[in-house]
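Notes follow once the structure below has been shown.
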Amino acid sequence: MLNVVLSIFLLACIAPHLYRLLGKHTGLVLALLPATLFIYFASQLSAVSQGQPLLQSWPWFPGLGIQLSFMLDGLSLLFALLITGIGTFILCYAGQYLQGHPALGRFFLFLLSFMGAMLGLVLSDNLITLFVFWELTTVSSFMLIGFNHEDSESRQKAHQGLMVTVLGGLALMTGLIMLGMAAGSYQLSDVLQQDLTGHSLYLPMLILILLGAFTKSAQTPFHFWLPNAMAAPTPVSAYLHSATMVKAGVYLLARLQPSLGGSEVWLLTLSAVGALTMLTGIFLASRATGIKKVLAYSTVMALGTLTMLLGLGTEKAALAAVTFLLAHALYKGALFMIAGILDHEAGIKDFEKASGLRKLMPRTTLVAVVAALSLAGVIPLFGFVGKELLLEAVLSGSQWQLGLTAATVLANIFVVLVAALLAIKPWFGQALPTPKPAHDPGWQMLAGPAVLATLGLIFGLLPMLPDQYLLNAAATAVYGQPISGYLALWHGINLPLMLSLGSLVLGLLLFRFWQPWRKLTAVVETLSKAGPEAGYNKLMAALVSFAAWQTRVLQNGYLRNYLLTTMATVVLLVGWAMLRLEHFELNWQFSDVRVQEAVIFLVLLTTIISAVVLNSFLGVVALLGALGFAVALIYVFFSAVDVGITQVLVETITVLLLVLVLYRLPEFRRLSSTAHRARDALIAIASGTVITLLILLVTASRSMEGIAWYFLEKSVPEGYGRNVVNVILVDFRALDTLGEIFVLALVAIGVYAMVHLRTGAKPVTNADKRLTAEQKRQQSVKGEL
Numbered sequence: 001m002l003n004v005v006l007s008i009f010l011l012a013c014i015a016p017h018l019y020r021l022l023g024k025h026t027g028l029v030l031a032l033l034p035a036t037l038f039i040y041f042a043s044q045l046s047a048v049s050q051g052q053p054l055l056q057s058w059p060w061f062p063g064l065g066i067q068l069s070f071m072l073d074g075l076s077l078l079f080a081l082l083i084t085g086i087g088t089f090i091l092c093y094a095g096q097y098l099q100g101h102p103a104l105g106r107f108f109l110f111l112l113s114f115m116g117a118m119l120g121l122v123l124s125d126n127l128i129t130l131f132v133f134w135e136l137t138t139v140s141s142f143m144l145i146g147f148n149h150e151d152s153e154s155r156q157k158a159h160q161g162l163m164v165t166v167l168g169g170l171a172l173m174t175g176l177i178m179l180g181m182a183a184g185s186y187q188l189s190d191v192l193q194q195d196l197t198g199h200s201l202y203l204p205m206l207i208l209i210l211l212g213a214f215t216k217s218a219q220t221p222f223h224f225w226l227p228n229a230m231a232a233p234t235p236v237s238a239y240l241h242s243a244t245m246v247k248a249g250v251y252l253l254a255r256l257q258p259s260l261g262g263s264e265v266w267l268l269t270l271s272a273v274g275a276l277t278m279l280t281g282i283f284l285a286s287r288a289t290g291i292k293k294v295l296a297y298s299t300v301m302a303l304g305t306l307t308m309l310l311g312l313g314t315e316k317a318a319l320a321a322v323t324f325l326l327a328h329a330l331y332k333g334a335l336f337m338i339a340g341i342l343d344h345e346a347g348i349k350d351f352e353k354a355s356g357l358r359k360l361m362p363r364t365t366l367v368a369v370v371a372a373l374s375l376a377g378v379i380p381l382f383g384f385v386g387k388e389l390l391l392e393a394v395l396s397g398s399q400w401q402l403g404l405t406a407a408t409v410l411a412n413i414f415v416v417l418v419a420a421l422l423a424i425k426p427w428f429g430q431a432l433p434t435p436k437p438a439h440d441p442g443w444q445m446l447a448g449p450a451v452l453a454t455l456g457l458i459f460g461l462l463p464m465l466p467d468q469y470l471l472n473a474a475a476t477a478v479y480g481q482p483i484s485g486y487l488a489l490w491h492g493i494n495l496p497l498m499l500s501l502g503s504l505v506l507g508l509l510l511f512r513f514w515q516p517w518r519k520l521t522a523v524v525e526t527l528s529k530a531g532p533e534a535g536y537n538k539l540m541a542a543l544v545s546f547a548a549w550q551t552r553v554l555q556n557g558y559l560r561n562y563l564l565t566t567m568a569t570v571v572l573l574v575g576w577a578m579l580r581l582e583h584f585e586l587n588w589q590f591s592d593v594r595v596q597e598a599v600i601f602l603v604l605l606t607t608i609i610s611a612v613v614l615n616s617f618l619g620v621v622a623l624l625g626a627l628g629f630a631v632a633l634i635y636v637f638f639s640a641v642d643v644g645i646t647q648v649l650v651e652t653i654t655v656l657l658l659v660l661v662l663y664r665l666p667e668f669r670r671l672s673s674t675a676h677r678a679r680d681a682l683i684a685i686a687s688g689t690v691i692t693l694l695i696l697l698v699t700a701s702r703s704m705e706g707i708a709w710y711f712l713e714k715s716v717p718e719g720y721g722r723n724v725v726n727v728i729l730v731d732f733r734a735l736d737t738l739g740e741i742f743v744l745a746l747v748a749i750g751v752y753a754m755v756h757l758r759t760g761a762k763p764v765t766n767a768d769k770r771l772t773a774e775q776k777r778q779q780s781v782k783g784e785l
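Start counting the sequence shown at 1; every next residue gets the next number (the UniProt record's numbering).
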């Protein structure tokens, strides 16, 4: 499985080069890899359905107990098949949809990276690797949403999605670390064997994990970023909503349910947030007129539905969740690609401008109608099977049964309205003129939605096929133990069926009065100005204002302010920590101070005081040099001759450089007031005092034996040198020293570039020199005349 993930990232790296070679056929060639991976994962269906998950692991950070490990069970296999299968069609679709786009090679790079990140996420068997892939999906989706980066709106929406999901990712990182600590392992397969609902860390880690999942899967109040992500090209939207990133949060909740689910907090939070998100999403979808906007809000509804089902935590809810997830992926992927076809082949993006395209686009109409009927939950489509299971799950819930059932039925009524808009509005009725001559697309764009819609029909007629080979194993992974439920197209005349039929009738009735409904609920547009997105915008504006303020006050380019802030912070934090110590002992020992050391101390003190009060640049430089030479004497007296020599060389070069640049400096002036100098002196004295006390405290309270003995013993036998300092630098700390050499080399290159290169300056040629000399001669002649 590691090779599977790495192969996608490798293909992503070479995708731009392939595009330069293959041109418009690049999408078809790139689609061969995910198609092959789909076949590989499909070959694992038999083993996984029999309860034999595939585990693979490689050491990554063995010292920290972190492994690069992967697990393929029913849940991860379901997602892997969706990611690779729908990803195959998306690559084919994108090749024609964006044909001729100058950055299509870059688009394939981002899309394949997105695919690899999502596949790595669902296959990860380690909490740390899962989080790494989680953040990779965030970064790659940011690049895809902002693909049209010349457009300010695309950039803004991409930043919005990035900020929301990254903040949730930070919370998730902390929650996963706490989860690993509570379970005693970062391996998911180990974590899932434990019930952590009674652990002392359960509540804080659950809150943090839920924040990460809710932001990723656009749960209320974080739902606003997902419809705004429609600024991305349609192939991205189709992939994002059907098989990848937005379902990552749902995947995480489903994956961790055996370990974290079952508590009252889990049930209350997920059920309430899921139901609220379900109603919010579908209500906003019922009012929108943009085709992609309607589909995006209906995805928010689906994500809320899945979260609500996972909150219930029953067998029926687990089976309903995986069934609804598969059904949603099939019809939503098809409908988004149909929306792209309408835009690409007819120039239509809005329902109010679409009508009567059935005769001009017959094949597209057929596919759209089948997919929309599955969305509405009409028999015999697979969406009907998912909706029946959804109603059964909420009806069998022990708590809040009435409220969740009412919310589900209400949501289904609006779902039927949305499905009717998608299945009827663009295709039937009086034909309206279109911005482009409308016609069916080529097979490369129509194959994906046609196959997905057809699978929705086949799985509806034969639900035992996905149930036996995939969904039962996936539901078992979610529930944590084998389940006894099964899928069937017909369960007889029962309450779920009656509720389903009622929602169909009311939904069609609401479709008949769609425009009056939109006018009746127009107040929502006013209320949205105070909604979550408005709060996000105000938060971002406040963040920018705060950044401008702190830049103006703290990072204003004045070096003195930087030093003052840094030293004052050190004094406060270190001083406060030392004051809170119960035992504060200092190692004051002056009995062994030698005469030469006392003389050096007096020289240092005199030099420092003189440098502070002197009003001459040259004199201050000389005094600082003397200070450095006095420090070199200390090294010599303590037998660190090589360090002393280094100190002398550094001080000599520093003094020479300072003297060479003195003529470029202005005359010595008092640029600060007496009060400012007093403040600087106070902070300087406090800093020196605190650091000195800290050093004395550390040396007096050492609790562990030093490591000097190790270097003294190993210097000759292992480093082949009697100069211990040199052996440490070139042997024991060789990599550190090599890094310092690289740093100095880079600094030297930078200084050379600054001195010798002139940005925008025209090179001076011999002809220019001759011209300059001729100009000077002419000026001299004019002066004589």
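In this text, a Cβ means the ideal position worked out from N, Cα and C, and glycines have one as well.
Simplified DSSP assignment, three categories, for LEU554: Residue numbering aside, residue 554 sits at position 554 when the sequence shown is read from its first letter. Coil, per DSSP.
Cβ-based neighbour list, LEU417, same chain, cut-off 6 angstroms, excluding 5 preceding and 5 following: Taking the first residue of the sequence shown as position 1, residue 417 is located at position 417. So the list reads SER286, GLY507, LEU510, PHE511, once near-sequence residues are dropped.
Beta-carbon spacing of LEU104, ALA232 below 7 angstroms: Locating residue 104 in the sequence shown gives position 104, where the first residue counts as 1. Locating residue 232 in the sequence shown gives position 232, where the first residue counts as 1. Against a cut-off of 7 angstroms, the Cβ pair of ALA232 and LEU104 comes out as no contact.
For TRP58, the residue or residues it bridges with in DSSP: What you label residue 58 is simply residue 58 of the sequence shown in a count that begins at 1. TRP58 is bridged to LEU68.
Cβ neighbours of LEU22 in the same chain (closer than 7 angstroms, five flanking residues each side left out): Looking up residue 22 in the sequence shown gives position 22. Result list for LEU22: VAL29, in chain order.
Reduced DSSP category for ALA761 - H, G, I as helix; E, B as strand; rest coil: Taking the first residue of the sequence shown as 1, we reach residue 761 at position 761. Confidence at ALA761 is low in this model, with a pLDDT of 49, below 50, so the placement of that residue should be treated as unreliable; the coordinate-derived value is given next. DSSP places ALA761 in coil when its eight states are reduced to three.
ALA372 versus GLY456: straight-line alpha-carbon distance, rounded: Numbered from 1 along the sequence shown, position 372 holds the residue referred to as residue 372. Numbered from 1 along the sequence shown, position 456 holds the residue referred to as residue 456. Cα-Cα distance, rounded: 10 angstroms.
Cβ pair count under 8 angstroms reaching 3, the stretch 465–475 against the stretch 59–77: The stretch 59–77 and the stretch 465–475 touch, with three or more beta-carbon pairs separated by less than 8 angstroms.
6 angstroms Cβ shell around ALA453 - same chain, five flanking residues per side excluded: Counting from one through the sequence shown, the residue named residue 453 turns up at place 453. Closer than 6 angstroms at the Cβ level, and outside the excluded window around ALA453, lie ALA334, VAL367, VAL370, ALA371.
Environment of GLU713 [buried if 16+ CB atoms lie within 10 Å]: Your numbering for residue 713 matches position 713 in the sequence shown. Exposed: under 16 other Cβ atoms inside 10 Å.
ASP680 - containing alpha helix (DSSP H), residue span: Position 680 of the sequence shown, counting from 1, holds the residue named residue 680. For ASP680, the enclosing alpha helix (DSSP H) has its first and last residue at 674–700.
Separation of LEU563 from LEU554, as counted between CA atoms: Here residue 554 corresponds to residue number 554 of the sequence shown, with the count starting at 1. Here residue 563 corresponds to residue number 563 of the sequence shown, with the count starting at 1. Rounded to the nearest angstrom, the two C-alpha atoms are 10 angstroms apart.
Extent of the continuous alpha helix (DSSP H) to which MET181 belongs: Sequence index remark: in the sequence shown, residue 181 carries index 181 (1-based). Taken as a continuous stretch (DSSP letters only), the alpha helix (DSSP H) holding MET181 covers 152–183.
Segment limits, alpha helix (DSSP H) that includes GLU705: Here residue 705 refers to the residue found at position 705 when the sequence shown is read from its first residue. Neither: GLU705 is in no alpha helix (DSSP H) and is coded neither H nor E.
Cα-Cα separation between VAL571 and HIS676, rounded to whole angstroms: Mapped onto the sequence shown, residue 571 falls at position 571. Mapped onto the sequence shown, residue 676 falls at position 676. Near 18 angstroms, if we compare the C-alpha coordinates of HIS676 and VAL571.
Same chain only: Cβ atoms within 7 angstroms of GLY262, ignoring 5 sequence neighbours per side: For the purposes of this step, residue 262 is taken as residue 262 along the sequence shown, with counting starting at 1. Cβ within range, chain order: THR197, GLY313.
Ordered list of alpha helix (DSSP H) runs contained in the stretch 222–310, each at least 4 residues: Listed in chain order, the complete alpha helix (DSSP H) runs (minimum 4 residues) inside the stretch 222–310 are 225–228, 234–242, 248–260, 264–287.
Sufficient close CB pairs (3 or more, under 8 angstroms) joining the stretch 83–100 to the stretch 228–246: yes
Inter-residue spacing [alpha-carbon to alpha-carbon] between GLY383 and GLY460: Position 383 of the sequence shown, counted from the first residue, corresponds to residue 383. Position 460 of the sequence shown, counted from the first residue, corresponds to residue 460. Whole-angstrom Cα-Cα distance: 7 angstroms.
8 angstroms contact criterion, which GLU488 and PRO449 should meet: CB distance rounded: Your numbering for residue 488 matches position 488 in the sequence shown. Your numbering for residue 449 matches position 449 in the sequence shown. Going by the sequence as given, residue 488 is Ala instead of Glu. Contact doesn't hold; Cβ gap of about 27 angstroms is too wide.
Chain-order list of residues whose beta-carbon lies under 7 angstroms from that of ALA339 (same chain, five-residue window excluded): The sequence position of residue 339 within the sequence shown is 339, counting from 1. Counting only Cβ-Cβ distances below 7 angstroms, and skipping sequence neighbours, we find THR234, ILE291, LYS292, LEU295.
As assigned by DSSP and simplified to three states, the class of SER124: Mapped onto the sequence shown, residue 124 falls at position 124. Strand.
Per-residue burial, HIS241 [other beta carbons within 10 Å of its own, 16 or more giving buried]: Along the sequence shown, read from residue 1 onward, the residue named residue 241 stands at position 241. Under this definition HIS241 is a buried residue.
Residues bridged to GLN515 (per DSSP): As a working note, residue 515 is residue 515 in the sequence shown. Beta-bridge pairing links GLN515 to no other residue.
Which residues DSSP lists as bridging residue 826, in chain order: Absent from the structure is residue 826, since the part of the chain shown begins at 1 and ends at 785.
Beta-carbon separation (whole angstroms), GLY356 vs ALA431, contact threshold 8 angstroms: The residue given as residue 356 occupies position 356 in the sequence shown. The residue given as residue 431 occupies position 431 in the sequence shown. Taking the Cβ atoms as the reference, GLY356 lies roughly 3 angstroms from ALA431, within the contact range of under 8 angstroms.
For GLN444, the three-state DSSP class (helix, strand or coil): Looking up residue 444 in the sequence shown gives position 444. Three-state DSSP puts GLN444 in a helix.
Extent of the continuous alpha helix (DSSP H) to which GLY750 belongs: For this step, residue 750 is matched to residue 750 along the sequence shown. Run containing GLY750: 734–756, per the alpha helix (DSSP H) assignment.
Proximity winner among LEU310, MET301, THR607, GLY706, relative to ARG255 (alpha-carbon distances): As a first step, residue 255 is located in the sequence shown; it is residue number 255 there, counting from the start. The shortest Cα separation from ARG255 among LEU310, MET301, THR607, GLY706 belongs to LEU310.
Chain-order list of residues whose beta-carbon lies under 8 angstroms from that of PHE336 (same chain, five-residue window excluded): Counting from 1 along the sequence shown, the entry for residue 336 is found at position 336. Cβ neighbours of PHE336 beyond the five flanking positions: THR234, SER237, ALA238, HIS241, SER242, LYS292, LEU295.
LYS519 burial status per 10 Å Cβ neighbour count (16 or more: buried): Along the sequence shown, read from residue 1 onward, the residue named residue 519 stands at position 519. A residue is called buried once 16 or more other Cβ atoms fall within 10 Å of its Cβ, and LYS519, having fewer, is exposed.
Cα-Cα separation between ALA761 and VAL659, rounded to whole angstroms: Here residue 761 refers to the residue found at position 761 when the sequence shown is read from its first residue. Here residue 659 refers to the residue found at position 659 when the sequence shown is read from its first residue. Because the pLDDT at ALA761 is just 49, under 50, the model does not fix this residue reliably, and the point stays unresolved.
Nearest candidate by alpha-carbon position, reference MET1, set VAL122, ASP592, LEU82, ALA47: Here residue 1 refers to the residue found at position 1 when the sequence shown is read from its first residue. That would be VAL122, whose Cα lies nearest to the Cα of MET1.
Own chain partners of SER154 with C-beta closer than 6 angstroms, once the 5 adjacent residues on each side are dropped: In the sequence shown, counting from the first residue as 1, residue 154 sits at position 154. Contacts found: GLY146, ASN148, ALA231.
Outcome for LEU11 when other beta-carbon atoms lying within 10 angstroms are tallied against a minimum of 16: Within the sequence shown, residue 11 is the residue found at index 11, counting from 1. Classification for LEU11: buried.
6 angstroms CB neighbourhood of ASN3 in its chain, flanking five on each side removed: Translated into the one-based positions of the sequence shown, residue 3 becomes position 3. Once the five neighbours on either side are set aside, ASN3 has no close Cβ partner at all.
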